[in-house]
Amino acid sequence: SITSNISLVVGTTQIYLDTQETIDKETETKRIEKELQNLQEQINRLESLLNSPFSKKAPNEVVLKEKDKLHKYKQSHTTLLARIHDLTK
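Here it is in structure tokens:
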């Protein structure tokens, strides 16, 4: 267990909750791993979509919106990986 803040990622915003109490590293790591898995599924889905004929047929603004979503998912993924790294120090 560690005394720490709990970190949540919402889009590209990272939120820290000051717990002022001990949290369980294992539980927090599992929660983050589940979130990472969900993000990776979204990343894979969008990469697949953007590498398909969709990106040539869809209106440019729709394609740009999906690319922006992909970028945000990747940023969140990187942030959560760093959080797991911090928890396992």
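Per my numbering: the sequence shown = residues 1069 to 1157. Backbone N, C-alpha and C define an ideal beta-carbon position, used for all residues, glycine too. Everything numeric in this text was worked out from a predicted model, so none of it was measured.
Residue state for serine 1144 is assigned as helix, using DSSP reduced to three classes.
Per the DSSP secondary-structure output, leucine 1117 pairs with nothing in a beta bridge. For threonine 1147 and leucine 1076, the gap between their C-alpha atoms comes out near 10 Å. Contact between the segment 1095-1106 and the segment 1123-1133 is absent: fewer than 3 CB-CB pairs across the two stretches fall below 8 Å. It is roughly 14 Å from the alpha-carbon of glutamine 1143 to the alpha-carbon of glutamine 1105.
In this structure, the CA atom of glutamate 1109 is about 26 Å from the CA atom of leucine 1085. Around the beta carbon of isoleucine 1100, 16 or more other beta carbons lie within 10 angstroms, which makes this residue buried. Our two residues, glycine 1079 and valine 1130, have alpha carbons roughly 18 Å apart in a direct line.
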